[in-house]
Amino acid sequence: MLTFFRIVKFAFATVWRNVWLSFATTLVMFLALFMVTVLILLNVLATGALEVVQDKVDLSVYFVSDATTEEVNVVRTQLQSRSDVNTITYISKEQALKDFEERHSDNPLIQSALDELENPLQPSLIVKANTPDQYSAISEFLTSEQFSGVIEDVNLDDNRQIVEKLTSTTGILSQLAVWVSLLFTIIAVLITFNTIRLAIYTQKDEISVMKLVGATRTLIRMPLVLAAAFYAVVAAALSTALLFPVVNYIGPRANAFLGEVTVDIESYFFDNFWLIFLAQFTFAVVLAVVSSSIAMRRYLKK
3 MLTFFRIVKF
13 AFATVWRNVW
23 LSFATTLVMF
33 LALFMVTVLI
43 LLNVLATGAL
53 EVVQDKVDLS
63 VYFVSDATTE
73 EVNVVRTQLQ
83 SRSDVNTITY
93 ISKEQALKDF
103 EERHSDNPLI
113 QSALDELENP
123 LQPSLIVKAN
133 TPDQYSAISE
143 FLTSEQFSGV
153 IEDVNLDDNR
163 QIVEKLTSTT
173 GILSQLAVWV
183 SLLFTIIAVL
193 ITFNTIRLAI
203 YTQKDEISVM
213 KLVGATRTLI
223 RMPLVLAAAF
233 YAVVAAALST
243 ALLFPVVNYI
253 GPRANAFLGE
263 VTVDIESYFF
273 DNFWLIFLAQ
283 FTFAVVLAVV
293 SSSIAMRRYL
303 KK
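This is the structure in structure tokens:
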């Protein structure tokens, strides 16, 4: 127990002795953790928005008014055999009329017109592809000559531009997160390495005396490792603390920007708070311990 307290005491002495360098090391670790986590959260936001928008994209296939059930089923069967088709929903003329009346229930003019007319709507199929880029091929297939006497119109509910932009944004954020992570990791490793190297240099006389009086390797090395771990813990705590106001700021504004597409990034953050903190903490501590171990292996022998 006494040895443990000595190790902790020496560790804090190491931090305080090089206070400005310790501050710089902690700051770089904090920036690395914070920037990467923010990029990951933005990527989660973009991915969530992408999933919502993708679900709103579909292909409507309208049949001629006198199309028989057999003809509709032929088209449906051929669509089901395609690997790029995810789901197919059949809407009869009667169901289409019912849905139309419900959507315009507050418009008496439309209601009176429908009362005077026979059902003017057509049977249709609502087709959803596996991915947005597959709709063009499905549309070309349905507008081919073989269906010209059965299908009257093929209409794409075109949110594809939004989907493509969100897909592009998600890809960019993913790549950016990787490169920023790599850059800040390298910088943090180098700074932590140099901080421990300077700590070894400034304490070389003390370390020599400790070796002469028979101090164990643990007593000599562990304070340096704990000092590096201290930088990591403080950096992770600061990063997580700052994420609270950032998420609260980004969430409502992102949803306002996306309009009808709503992604609850705040709930995601709070639901995964401990996982996010633990991931930051683990990454920072591993980085600090590895950096300090390399520095000790190289310079503590001298």
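All residue numbers for the sequence shown refer to the numbering used here, where the first residue is 3 and numbers rise by one.
The C-beta atom is built at its ideal place from N, Cα and C for all residues, glycine as well.
Item, Value
"Cα-Cα separation between Lys95 and Thr49, rounded to whole angstroms", "36 Å"
"Top-ranked residue by Cα proximity to Tyr137, from Gln97, Thr187, Ser85 and Phe186", "Ser85"
"Sequence-distant residues of the same chain with beta carbon closer than 7 Å to Val236, five excluded per side", "Thr28"
"C-beta atoms of Asp60 and Val152 nearer than 8 Å", "no"
"Bridge-paired residues (DSSP) for Leu61", "Val129 and Leu158"
"Runs of alpha helix (DSSP H) wholly within the stretch 30-87 (minimum 4 residues, chain order)", "71-82"
"Nearest-angstrom Cα separation, counted from Gln80 out to Leu158", "19 Å"
"Where the alpha helix (DSSP H) containing Ser141 begins and where it ends", "Tyr137 to Leu144"
"Under 8 Å between C-beta atoms of Ile267 and Leu43", "yes"
"Contact belief for Phe195 with Ala286 at Cβ below 8 Å, rounded distance in angstroms", "The Cβ separation is near 15 Å, so there is no contact."
"Neighbour-count burial assignment, Pro225, 16 or more Cβ in a 10 Å radius", "buried"
"Residue from Ile90, Asp101 and Ile174 with nearest C-alpha to Ile140", "Ile90"
"C-beta contact flag for Ala231 and Ala290 at 8 Å", "yes"
"Status (buried if at least 16 other CB within 10 Å, exposed otherwise) for Leu277", "exposed"
"With 16 other Cβ atoms within 10 Å as the buried cut-off, status of Leu35", "buried"
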